[in-house]
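This report concerns only the one structure given below.
There are 2 protein chains.
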Amino acid sequence: MRKLVLATGNRNKLQEMKDLLQGLPLELLTLEAYPGLNMPAEDRTTFAGNAAKKAESVSLATGEMALADDSGLAVDALGGRPGVHSARYAGEEGNYEANNLLLLKELNGVPTEARSASFICAIAVAVPGDQTYLIEASCPGRITESLRGKGGFGYDPLFFFEEAGKTFAEMSPEEKNRVSHRGKALRRTRILLERLLK
Amino acid sequence: MRKLVLATGNRNKLQEMKDLLQGLPLELLTLEAYPGLNMPAEDRTTFAGNAAKKAESVSLATGEMALADDSGLAVDALGGRPGVHSARYAGEEGNYEANNLLLLKELNGVPTEARSASFICAIAVAVPGDQTYLIEASCPGRITESLRGKGGFGYDPLFFFEEAGKTFAEMSPEEKNRVSHRGKALRRTRILLERLLK
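Protein sequence lines, in the order shown, are assigned to chains A and B. First residue of the first sequence? That's 1 in my numbering, and the numbers climb one at a time after it. First residue of the second sequence? That's 1001 in my numbering, and the numbers climb one at a time after it.
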């Protein structure tokens, strides 16, 4: 069976990838299978650029197909920030609590109708001897005025999804995956992989 | 012969597309072949998102394969701005002179070593009955302290490409296409199209 390396060190993203790619005729590997492997710096200015860089680096190092994600939040009132810096917005990589508090602070006084935002997810699939395929999807929402819900991760407790009347952190994983940026991108990735495997 | 609609109203981009896609077994059409067709708003927060939106909209309206580009400049000292707003940075869509003057003003006093920037180009190819393929490429450079050169368009007179020791506006079209963000993206697009046409 062909192998696909899920090139992320983020356990939450890994779980969403596994949930949405299950049942494909592919052996899904994680980075744990490659102990010495270093991930490259995420220093591109776009989600797609960072995802491609990670997928290509891991594919090159392992010789296998590799899938990487880069995603984040673009807040309209902040001119698209935190954008590609979402995970390290408050300075420390992956400190969700600090990131959320900083976002609330930056939006302090901004009225509800001006708190629109998008979650964006870029997925890159690097295929040895072939090209890198890019997929990007987004989900519209708005930033709440306080943290709501215990599910999800990252900015989920602040991301209010209008149609559901809930934040992403108030949704079950299935509910969130149905509408989220990463859910949309991974479903399209699944279709792409099915075609590539034919 | 299969048709490909080049979904841009920008004559400079159109010329670069034609130069780099010539010789493919494809009839290249422009939007002039579809007088009533309206382009959608470029309201996404990413280059890839805008390119996909334009290509899909034109493919849907014409029933043909469509190729669209979204590109721009990300200046590190400005946190990635003007980004997806590059063409309307100073307020008026496509007013290059005003955009360049505003950029110089915003970087006033910023020393040479802190004026790094990237040109980014996302290309989307929407294929009826198939998916939308995304390609993204970037080119590193730095912003000069005054306008240099008469070639190119947009921010080219301010974009200094180290290896050549020139701004993009001081290069011939061939020289620029060899190293530019759009040149790189279009060469990858050409390979993609060759594969799709097989």
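Think of the CB as a built atom: it goes at the ideal place given N, C-alpha and C, for glycine as much as any other residue.
Between the C-alpha atoms of Tyr96 of chain A and Cys139 of chain A there is a straight-line separation of about 19 angstroms. Counting along the chain, no alpha helix (DSSP H) covers Ser1071 of chain B; the unbroken beta strand (DSSP E) around it starts and ends at Met1065 to Val1075.
When DSSP assignments are scanned along the stretch 1030-1108 of chain B, the uninterrupted stretches of alpha helix (DSSP H) that are 4 or more residues long and fall wholly within it turn out to be 1047-1062 and 1096-1106. Look at Thr189 of chain A here: in three-state DSSP terms it is helix.
Short of 6 angstroms from the beta carbon of Ser1180 of chain B, and not among the five residues preceding or following it, lie these beta carbons of its own chain, in chain order: Cys1139. Within chain B, the residues Thr1046, Ala1048, Gly1049, Ala1052 and Leu1134 have their CB atoms less than 8 angstroms from the CB of Glu136 of chain A, given in chain order. Rounded to whole angstroms, Gly1151 of chain B and Thr62 of chain A show a C-alpha spacing of 43 angstroms. Here the alpha carbons of Ala1041 of chain B and Leu60 of chain A stand approximately 38 angstroms from one another. Within chain B, the residues Gln1131 have their CB atoms less than 8 angstroms from the CB of Ile191 of chain A, given in chain order. Only Ser1118, Ile1120 and Ala1122 from the stretch 1100-1128 of chain B bring a Cβ to less than 8 angstroms from some Cβ of chain A. DSSP places Lys3 of chain A in no alpha helix (DSSP H) but in the uninterrupted beta strand (DSSP E) bounded by Arg2 to Leu6.
In the DSSP assignment, Val1125 of chain B falls within the beta strand (DSSP E) that extends over Ser1116 to Ala1126. Contact between the stretch 1065-1074 of chain B and the stretch 1083-1096 of chain B is present: 3 or more CB-CB pairs across the two stretches fall below 8 angstroms.
In the three-state reduction of the DSSP assignment, Thr144 of chain A falls in the coil class, being assigned neither a helical nor a strand state. The Cβ neighbour count for Arg1182 of chain B, taken over all protein chains shown within 10 Å, is at least 16; the residue is labelled buried. Per DSSP, the unbroken beta strand (DSSP E) holding Phe1161 of chain B starts and ends at Phe1159 to Phe1161. Distance from the Cα of Thr8 of chain A is smallest, within the candidate group A:Arg2, A:Leu29 and A:Leu24, for A:Leu29. A Cβ-Cβ distance of about 6 angstroms is found for the pair Phe159 of chain A and Phe119 of chain A, placing them in contact under the 8 angstroms criterion. Here Leu24 of chain A carries a coil assignment [DSSP, helix/strand/coil]. As a beta-bridge residue in DSSP terms, Lys1166 of chain B pairs with B:Phe1161.
Taken atom to atom, the span from the alpha-carbon of Phe1161 of chain B to that of Ser1172 of chain B is near 13 angstroms. Around Ala1066 of chain B, no beta-carbon contact reaches into chain A at under 7 angstroms, the shortest distance being about 17 angstroms.
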